[in-house]
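Before any comments, here is the structure.
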Amino acid sequence: HSWELGLSSTKVQKIISVFGYEGKEALVSCSYDEGYESYEKYLCRNDCGSDDVLIKTTQGSKNRYSISDDTNKQVFTATISNLNKNDAGKYWCGVTRSGYDYYPAEVKLKVVTGK
1 HSWELGLSST KVQKIISVFG YEGKEALVSC SYDEGYESYE KYLCRNDCGS DDVLIKTTQG
61 SKNRYSISDD TNKQVFTATI SNLNKNDAGK YWCGVTRSGY DYYPAEVKLK VVTGK
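Take 1 as the starting number for the sequence shown in UniProt numbering and just add one per residue.
In C-alpha cells form, the structure reads like this:
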C-alpha cells in the first residue's frame, strides 16, 4: 500500500498525458484504487493548494470544468472546456481523505492550436 503519498513524494503512481484543441475540450480520466468509490474526487493544478483545486465531484460543474465519477469502473473524469493556451501544464487527480489526500495520477495537459 502507498500510505501517505503526498505531493512531496517522489513516487508518482502514473502520469497521464492529455491533449485538447484550443477552444474545444479536454477529458482527464483518472482511475483510482478500490475502496475510494464514496470519496470526493477532484482535479487540481500545480501544487494543489486550496486555490489550485478546479473542480470537485461534490460540485458537478463549475466555470469551464465539469466532473463525473463512475464508481463501478473506479474512474472519474474531469472535463475542461473552451481550452486556451494557459490551460496547458501540470494537473493532479486527487481524492479527498483525512490526513494525506491520495493522488492517483499526475496529468500533463497539452493544448494544441487549431488550424
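Positions of the beta carbon are idealized from the N, C-alpha and C atoms, including for glycine.
When the beta-carbon positions are compared, Thr79 and Asp69 stay at least 9 Å from each other. Between Lys62 and Val95, the C-beta gap is not smaller than 9 Å, which leaves the two residues out of contact.
Excluding its 5 nearest sequence neighbours in each direction, Tyr39 has C-beta neighbours in its own chain below 7 Å: Val95, Thr96 and Arg97, listed in chain order. Here Leu54 is buried, its C-beta having at least 16 other C-beta atoms within 10 Å. The residue from Cys48, Asn72, Tyr91 and Gly60 with its alpha-carbon nearest to that of Glu34 is Asn72. In the DSSP annotation of this structure, the continuous segment of the beta strand (DSSP E) that includes Tyr21 starts and ends at Ile15 to Tyr21.
Per DSSP, Leu43 is one residue of the beta strand (DSSP E) stretching across Lys41 to Arg45. Asp70 is bridged by DSSP to Val75.
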